[in-house]
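Q: My questions all concern the structure below.
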């Protein structure tokens, strides 16, 4: 519980002008909040401000006049809460720039999914390290395609916060009929689910591209969930969190649809395209490409066995061939399912 009463969270800032940031800004507007969206690229700011459409990242979705768009971080100083949607590998540096202008006490809700590559830090750790002590950190995660959230289709997410009162206030500020946050206090577990599922989605994409079948994809999802749970438990998360929206829910969505940037990237790899070729034609970030090495590094420190994630890292970062890596997974010794 909070030591002090939580002030109303009426003004919401969103940091990140990609598809997910734009979708979350629209969700905050539907929840009745005054909403300010910050984008780094001047052309994106101009398109959203004048044409009222994010043509580069979310084409075809009109932006209401009530949505304010800015390219100035200083404008976030009036916000009661800030949703941080910058890519995971840039979250720490963006937060450091935000820190001097944040309203005292304003929570920062991390909406990016990943693990920092160099430090192996969770997003909550990386962000908190560059924020004033009085600005708390929360996590928003779960099964979400930005285009569906932007269109107002029904969506449920996990909102994880160590402070129960603040978590309740954030749910009230962001929740609406079609965007439904479920509060949790497991900040660690909710992040591990969101980060690792991106790596597993690449693996499921490879299965799709290699035409290995639905049985293989279902097996990867299930054994991937076991890997997620082992890592979360090693870091102090709870197993039941991984059975919820930020674990099983997000994993199922991302590993079952080519709408997923990570799964579609894996499918292209499975079809024989080079990673450099795939990335060269994409504007949006597939977080799993960067998270794979971070997950494997973190798991190594903790002594956690994550063979699927290790296989994805080997393919992406260590020059391993697809077929030999798949053969390696299929040749592993048989073991008990609960191990």
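In the working numbering, the protein residues as written are 3 to 341. Every residue, glycine too, gets a C-beta built ideally from N, C-alpha and C. A quick note: this is a predicted structure, and the numbers were derived from the prediction, not measured.
(1) Starting from residue 292, trace the alpha helix (DSSP H) in both directions and tell me its first and last residue.
(2) Could you compute how far the alpha carbon of residue 256 sits from the alpha carbon of residue 92?
(3) Give every residue of the same chain whose Cβ lies closer than 8 Å to the Cβ of residue 260, excluding the five residues on either side of it in the sequence, and list them in chain order.
(4) Comparing C-alpha positions only, which one of 309, 82 and 273 sits nearest to residue 213?
(5) Using the C-alpha atoms, what's the distance from residue 336 back to residue 16?
(6) Are the CB atoms of residue 71 and residue 41 nearer to each other than 9 Å?
(7) DSSP state of residue 166, grouped into three classes?
(8) Given this structure, state the Cα-to-Cα distance separating residue 303 from residue 231, to the nearest angstrom.
(9) In chain order, what are the residue ranges of uninterrupted alpha helix (DSSP H) at least 4 long that sit wholly in the segment 44-103?
(10) Given that a residue counts as buried once 16 or more other Cβ atoms are within 10 Å of its Cβ, and exposed if not, what is residue 289?
(11) Can you grab the Cα-Cα spacing for the pair residue 63 / residue 192, in whole Å?
(12) For residue 133, which of helix, strand or coil comes out of DSSP?
(13) From 315, 283 and 85, pick the residue whose C-alpha is nearest to that of residue 109; which is it?
(14) Check the C-beta distance from residue 310 over to residue 226 and give it rounded, since I have them as a contact under 8 Å.
(15) DSSP three-state label for residue 335, please.
(16) Is it buried or exposed, residue 61, if we count other Cβ atoms within 10 angstroms and call 16 or more buried?
(17) Which of the three DSSP states is assigned to residue 197 in this structure?
(18) On the DSSP bridge list, what partners appear for residue 139?
(19) Could you tell me which residues DSSP puts in a beta bridge with residue 207?
(20) Measure the C-alpha to C-alpha separation of residue 14 and residue 338 and round it to an integer number of angstroms.
(21) Report buried or exposed for residue 283, applying the criterion of at least 16 other Cβ atoms within 10 angstroms of its Cβ.
(22) What are the partner residues of residue 34, as DSSP defines its beta bridges?
(23) Could you give the first and the last residue of the continuous beta strand (DSSP E) run that contains residue 17?
(24) Could you give the uninterrupted runs of the alpha helix (DSSP H) lying entirely in the segment 212-284, keeping only those of 4 residues or more?
(25) Report the rounded CA-to-CA distance for residue 67 versus residue 35, giving the unit in angstroms.
(26) To which residues does DSSP link residue 124 through a beta bridge?
(27) Specify the secondary structure class of residue 183 as computed by DSSP and reduced to three states.
(28) Do you know offhand how far residue 330's Cα is from residue 313's?
(29) How many Å lie between residue 250 and residue 150 at the Cα?
(30) Report the three-state DSSP secondary structure of residue 155 (helix, strand or coil).
(31) Here's the rule: buried if 16 or more other CB atoms are within 10 angstroms of the residue's CB, otherwise exposed. What is residue 216?
(32) Just to confirm before moving on: does the CB-CB distance between residue 233 and residue 194 stay below 9 Å?
(33) Going by DSSP, what residue range makes up the alpha helix (DSSP H) through residue 309?
A: Quick look at the numbers:
(1) Reading the chain shown from its first residue, position 290 is the one you call residue 292. Note, residue 292: alpha helix (DSSP H), 289-304.
(2) Here residue 256 refers to the residue found at position 254 of the chain shown. Here residue 92 refers to the residue found at position 90 of the chain shown. Straight-line measurement puts the Cα of residue 92 at about 22 Å from the Cα of residue 256.
(3) Counting from one through the chain shown, the residue named residue 260 turns up at place 258. These residues qualify, in order along the chain: 207, 210, 266 and 269.
(4) Taking the chain shown and counting its residues from 1, the one referred to as residue 213 is at position 211. It is 273.
(5) Here residue 16 corresponds to residue number 14 of the chain shown, with the count starting at 1. Here residue 336 corresponds to residue number 334 of the chain shown, with the count starting at 1. So the two alpha carbons sit approximately 47 Å from each other.
(6) Residue numbering aside, residue 71 sits at position 69 when the chain shown is read from its first letter. Residue numbering aside, residue 41 sits at position 39 when the chain shown is read from its first letter. For the pair residue 71 and residue 41, the CB atoms are nearer than the 9 Å cut-off.
(7) By one-based count along the chain shown, residue 166 stands at place 164. In this structure, DSSP gives residue 166 a helical state, which the three-state scheme calls helix.
(8) Along the chain shown, one-based indexing puts residue 303 at 301. Along the chain shown, one-based indexing puts residue 231 at 229. Taking the CA atoms as reference points, residue 303 sits about 16 Å from residue 231.
(9) If we require 4 residues or more, the alpha helix (DSSP H) runs fully inside the segment 44-103 come out as 44-48 and 93-100.
(10) Against the chain shown, residue 289 aligns to sequence position 287. By the neighbour-count rule (16 or more Cβ atoms within 10 Å), residue 289 is buried.
(11) Mapped onto the chain shown, residue 63 falls at position 61. Mapped onto the chain shown, residue 192 falls at position 190. Rounded to whole angstroms, the separation of the alpha carbons of residue 192 and residue 63 is 29 Å.
(12) In the chain shown, the residue the question calls residue 133 occupies position 131. Secondary structure of residue 133 (DSSP, three-state): coil.
(13) Position 107 of the chain shown, counted from the first residue, corresponds to residue 109. Sorting 315, 283 and 85 by C-alpha distance to the C-alpha of residue 109 places 85 at the top.
(14) The residue you call residue 310 lines up with position 308 of the chain shown. The residue you call residue 226 lines up with position 224 of the chain shown. The beta-carbon distance between residue 310 and residue 226, rounded to whole angstroms, is 5 Å. This is short enough to meet the 8 Å contact definition.
(15) Counted from its first residue, the chain shown places residue 335 at position 333. Looking at residue 335 - three-state DSSP - the assignment turns out to be coil, as it is neither helix nor strand.
(16) Along the chain shown, one-based indexing puts residue 61 at 59. Residue 61 is exposed by the Cβ-count criterion.
(17) For the purposes of this step, residue 197 is taken as residue 195 along the chain shown, with counting starting at 1. In the three-state DSSP reduction, residue 197 falls in the helix class (H, G or I).
(18) Numbered from its first residue, the chain shown carries residue 139 at position 137. According to DSSP, residue 139 bridges with 110.
(19) Position 205 of the chain shown holds residue 207. Per DSSP, residue 207 has no beta-bridge partner at all.
(20) In the chain shown, counting from the first residue as 1, residue 14 sits at position 12. In the chain shown, counting from the first residue as 1, residue 338 sits at position 336. The alpha-carbon atoms of residue 14 and residue 338 are separated by roughly 48 Å.
(21) Looking up residue 283 in the chain shown gives position 281. Label assigned to residue 283: exposed.
(22) Within the chain shown, the letter at position 32 stands for residue 34. Residue pairing of residue 34 in beta bridges, as defined by DSSP: absent, with no partner found.
(23) To locate residue 17, count along the chain shown from 1; it is residue 15. Segment 13-17, the beta strand (DSSP E) holding residue 17.
(24) Uninterrupted alpha helix (DSSP H) stretches at least 4 residues long and entirely within the segment 212-284 occur at 216-236, 252-256, 263-272 and 277-282, given in chain order.
(25) Locating residue 67 in the chain shown gives position 65, where the first residue counts as 1. Locating residue 35 in the chain shown gives position 33, where the first residue counts as 1. Distance between the alpha carbons of residue 67 and residue 35 is about 13 Å.
(26) Translated into positions along the chain shown, residue 124 becomes position 122. For residue 124, which the question treats as bridged, DSSP gives the partners 117.
(27) Stepping through the chain shown from its first residue, residue 183 is reached at position 181. Of the three classes helix, strand and coil, the one that applies to residue 183 here is strand, per DSSP.
(28) Taking the chain shown and counting its residues from 1, the one referred to as residue 330 is at position 328. Taking the chain shown and counting its residues from 1, the one referred to as residue 313 is at position 311. A straight line joining the alpha-carbon of residue 330 with that of residue 313 spans about 9 Å.
(29) For the purposes of this step, residue 250 is taken as residue 248 along the chain shown, with counting starting at 1. For the purposes of this step, residue 150 is taken as residue 148 along the chain shown, with counting starting at 1. CA-CA distance, residue 250 to residue 150, rounds to 19 Å.
(30) On the chain shown, position 153 is the one that residue 155 refers to. Of the three classes helix, strand and coil, the one that applies to residue 155 here is coil, per DSSP.
(31) Against the chain shown, residue 216 aligns to sequence position 214. When all chains shown are included, residue 216 counts as exposed.
(32) Here residue 233 is taken as the residue at index 231 of the chain shown, counted from 1. Here residue 194 is taken as the residue at index 192 of the chain shown, counted from 1. Using a Cβ distance threshold of 9 Å, residue 233 and residue 194 count as a contacting pair.
(33) Taking the chain shown and counting its residues from 1, the one referred to as residue 309 is at position 307. It spans 309-319 - the alpha helix (DSSP H) in which residue 309 sits, taken as one unbroken run.
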